[in-house]
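Read the structure below first, then the notes.
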Amino acid sequence: ISYNLFEHVPLRTVEDSKKVEGIFISTENGGGHVKNLYLRDKKKRNILLVAEQDQAIDLKKLSKNLNFSNLSFGSPERLMQNLGVRPGAVTPLSMINGVNNNVSLFMDKALRNKTVIYIHPLVNDRTIEMTIENLEKFFSKIGVNFEWIDL
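Printed below as a string of structure tokens:
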């Protein structure tokens, strides 16, 4: 699976990431910048939501659309336990840990048409540029099923 790796100062938030856009990461060639939300519902089910960085997320609407009850942000402790990452380093690649911890993955359909996406490789001082096709290959190799959803 091919990718490009960039090293940089830690980028914990979308705001941090926007400060380096144009330096080594770009949206000019169809690049997609993402935000990743680790969520839990009332029944203690775990979800990783990957969306375009500027996509507004209504947790009540999302709960209803996905048939989950009362979605809220998971704790840093549960995040580490279930995905093996700290806040600020959440990434679809963390599903390598989540696949065995019953974490459900949902991806924003708007990302499907991006040439590449930019994601952290389990730490927030590096960014990987990868095609959606290669990300899907990664999911397939580690046994992750996921769902494309409209947000």
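Mapped onto this note's numbering, the consecutive letters of the sequence shown carry residue numbers 562 to 712. Backbone N, C-alpha and C fix where the C-beta goes; we use that ideal spot for every residue, glycine too. Please read these numbers as outputs of a predicted model, since none were measured by experiment.
{"Query": "If you reduce the DSSP assignment to three classes, tell me which class Phe699 lands in.", "Result": "helix"}
{"Query": "According to DSSP, what are the bridge partners of Phe679?", "Result": "Position check: residue 679 holds Tyr in this sequence, whereas Phe was assumed. Answer is His594, Glu690, bridged to Tyr679."}
{"Query": "Terminal residues of the continuous alpha helix (DSSP H) containing Ser624?", "Result": "620-627"}
{"Query": "Just confirm the distance between the C-beta atoms of Ala612 and Asp669, as a whole number of angstroms; I'd bet it's less than 8 Å.", "Result": "4 Å"}
{"Query": "So the candidates are Glu697, Ile608, Phe629, Asn685; which of them puts its Cα closest to the Cα of Val677?", "Result": "Glu697"}
{"Query": "Ordered along the chain, which non-local residues of its own chain (more than five positions away) have a Cβ less than 6 Å from that of Leu644?", "Result": "Ser655, Asn658, Gly659"}
{"Query": "Let me confirm a value: Phe634 is counted as buried when at least 16 other C-beta atoms fall within 10 Å, else exposed. Which label applies?", "Result": "exposed"}
{"Query": "Candidates Arg639, Pro571, Ile689: which alpha carbon is nearest Ile562's?", "Result": "Ile689"}
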